[in-house]
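Enquirer:
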């Protein structure tokens, strides 16, 4: 009998990689005061992102600013090599910069931010209608070697200014620089 397997690590190894990846996620202390963890860091197993033959592992954390119901998330995916991560950076942009509920085009925000550590980086913002409310959402997608990092947050002077967004992106950049060195 011949058994074929996908290019995925054994389950035990994948769980260990997910545990290691969780240490690379944005910490709630890197966000403005008032943000809380809505969903603790954990595995992120969407089939179109992880299986078959996509990322080796993925993790995600979700944040909430309860007073306004604002949300943010940080997601990390690990690939076999930088080339696969680069292909996935291009493939996943439509998912990160999605269309559902969007009422304005995705545009680069009027802020100055240059990510010097990422191999590839895109930051854009758009206005959305969700449940009769209008929200500004900014999303960032970055490739760091074998990793993809996606960060998505609601923007408002009440809970996340553009300056605070830059600080969160800088924190992600620091975390990812260490993560690339630590996880081989």
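Residue numbers (my numbering): 3 to 186. We put the CB at the ideal spot given by N, CA and C, even for glycine.
1. What is the residue span of the alpha helix (DSSP H) that residue 150 lies within?
2. Looking at the secondary structure, which residues open and close the alpha helix (DSSP H) in which residue 91 lies?
3. For residue 118, name the three-state secondary structure that DSSP assigns.
4. With the cut-off set at 8 Å, would you say residue 1 and residue 146 are in Cβ contact?
5. By the 10 Å Cβ neighbour count, where 16 or more other Cβ atoms means buried, how is residue 102 classified, buried or exposed?
6. Is it buried or exposed, residue 68, if we count other Cβ atoms within 10 angstroms and call 16 or more buried?
7. Terminal residues of the continuous alpha helix (DSSP H) containing residue 182?
8. Could you tell me whether the segment 75-90 touches the segment 140-160, where touching means 3 or more Cβ pairs closer than 8 Å?
9. Since residue 26 and residue 79 are thought to touch, with beta carbons under 8 Å apart, how far apart are those beta carbons, to the nearest angstrom?
Expert: In short, the structure shows the following:
1. For the purposes of this step, residue 150 is identified with residue 148 of the chain shown, where counting begins at 1. Note, residue 150: premise wrong, no alpha helix (DSSP H); beta strand (DSSP E) at 149-157.
2. Counting from one through the chain shown, the residue named residue 91 turns up at place 89. Where residue 91 is concerned, the enclosing alpha helix (DSSP H) stretches over 84-98.
3. On the chain shown, position 116 is the one that residue 118 refers to. Looking at residue 118 - three-state DSSP - the assignment turns out to be coil, as it is neither helix nor strand.
4. In the structure as shown, the chain begins at 3 and stops at 186. Residue 1 is therefore absent and cannot be evaluated.
5. The residue labelled residue 102 in the question sits at position 100 within the chain shown. Result: exposed.
6. Numbered from its first residue, the chain shown carries residue 68 at position 66. Flag for residue 68 reads exposed.
7. Residue 182 sits at position 180 when you count from the first residue of the chain shown. Where residue 182 is concerned, the enclosing alpha helix (DSSP H) stretches over 164-184.
8. yes
9. Your numbering for residue 26 matches position 24 in the chain shown. Your numbering for residue 79 matches position 77 in the chain shown. Contact flag wrong, Cβ pair sits at about 11 Å.
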